[in-house]
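Data block below; observations after.
In this note's numbering, the protein residues as written are 1 to 239.
Encoded structure:
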């Protein structure tokens, strides 16, 4: 067969409806496989983030989780069960969403929401300006130093501690009566620094103890709890 005849036959085949149907079918198969693959990837990502979100809620629930730390073995057993339940929940939600018309878009939307939520929880201080963090920090420190007022009742003292200190620190301060010494006279922010979900304020404190004035430098640690930043610890930087 000559080259000319071969070219003519090839052109006729390419122009035939049968050839077009075969080409369309192959393209359709590739498109369908691509969509199925993307849907499977999105479903797995959705299950992963639902599981992570559920585990995060478990680990951050201080109201009933505290007793588990008494026994490390019990804690890890419960944690393994929670991980299994979280994965099962994600799979069940994914299975239920198979019936929805816009399953992929709904899963993408909720996955993005969970990513945003976890990002906020892990990097909370970065969502606020330096001025705001300093202002809130100074207010909490000033409130904390009110605990040294001997005229306060026990109820007032507990209320101030709960508003300015984290739960663990407030409980410790009230139980041990470890209140700041002296009356706060002046407070000046020296430095501020963010570190993941925490932020630190280095402050110069001027306080009156009896008849003398003392100046000290402290670094206060802040953590967000119950929707607001609270003091989670402090350390003296005086040499």
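We put the beta carbon where it would ideally sit given N, CA and C, even for glycine.
Quick caveat, the model's predicted, so the values are computed rather than measured.
From the options, residue whose alpha carbon lies closest to that of residue i
| i | options | result |
| --- | --- | --- |
| residue 86 | 47, 95, 37, 201 | 47 |
| residue 191 | 200, 207, 88 | 200 |
| residue 94 | 51, 207, 129 | 51 |
| residue 182 | 41, 209, 169 | 209 |
| residue 185 | 168, 204, 172, 155 | 204 |
| residue 120 | 92, 224, 232, 231 | 224 |
| residue 226 | 233, 98, 165, 42 | 165 |
| residue 222 | 34, 140, 97, 131 | 140 |
| residue 137 | 80, 187, 215, 49 | 187 |
| residue 194 | 177, 154, 118, 129 | 129 |
| residue 232 | 213, 171, 96 | 171 |
| residue 97 | 75, 60, 44, 80 | 44 |
| residue 228 | 163, 176, 180, 177 | 163 |
Buried or exposed by the 16-neighbour rule on C-beta atoms within 10 Å, applied to residue i
| i | result |
| --- | --- |
| residue 236 | exposed |
| residue 220 | buried |
| residue 77 | exposed |
| residue 160 | buried |
| residue 168 | exposed |
| residue 131 | exposed |
| residue 116 | exposed |
| residue 107 | buried |
| residue 21 | Annotation note: pLDDT 49 at residue 21 (below 50); position unreliable, coordinate value reported separately. Result: exposed. |
| residue 215 | exposed |
| residue 230 | buried |
| residue 73 | exposed |
| residue 49 | buried |
| residue 84 | exposed |
Close-in-space but distant-in-sequence residues of the same chain around residue i (CB under 8 Å, 5 per side omitted)
| i | result |
| --- | --- |
| residue 82 | 54, 55, 58 |
| residue 104 | 38, 39, 42 |
| residue 174 | 157, 158, 161 |
| residue 217 | 190, 202, 203, 204, 205, 236, 237, 238 |
| residue 152 | 146, 160 |
| residue 213 | 185, 206, 207 |
| residue 143 | 160, 163, 164 |
| residue 290 | Past the edges of the chain, shown from 1 to 239, lies residue 290, and the structure says nothing about it. |
Residues near residue i by beta carbon distance below 7 Å, same chain, minus five either side
| i | result |
| --- | --- |
| residue 122 | 196, 197 |
| residue 24 | Residue placement at residue 24 is flagged as unreliable, the pLDDT there being 49, under the threshold of 50; a coordinate-derived value is accordingly withheld. |
| residue 133 | 125, 192, 199 |
| residue 314 | Residue 314 falls outside the range modelled here, since the chain spans only 1 to 239, and no answer is possible. |
| residue 211 | none |
Same chain, Cβ closer than 6 Å to residue i, neighbours up to 5 away in sequence not counted
| i | result |
| --- | --- |
| residue 234 | 218, 220 |
| residue 90 | 47, 50, 51 |
| residue 179 | 147, 148 |
Mind pulling the alpha helix (DSSP H) runs of 4 or more residues that sit fully within the segment 153-216? Complete alpha helix (DSSP H) runs here, min 4: 154-164, 167-176.
Would you call the segment 108-121 in contact with the segment 146-155, where contact means no fewer than 3 C-beta pairs closer than 8 Å? Verdict: no, contact absent.
May I have a chain-ordered list of the alpha helix (DSSP H) segments no shorter than 4 residues that lie completely inside the segment 80-152? Counting only runs of 4 or more, we get 103-122, 130-145.
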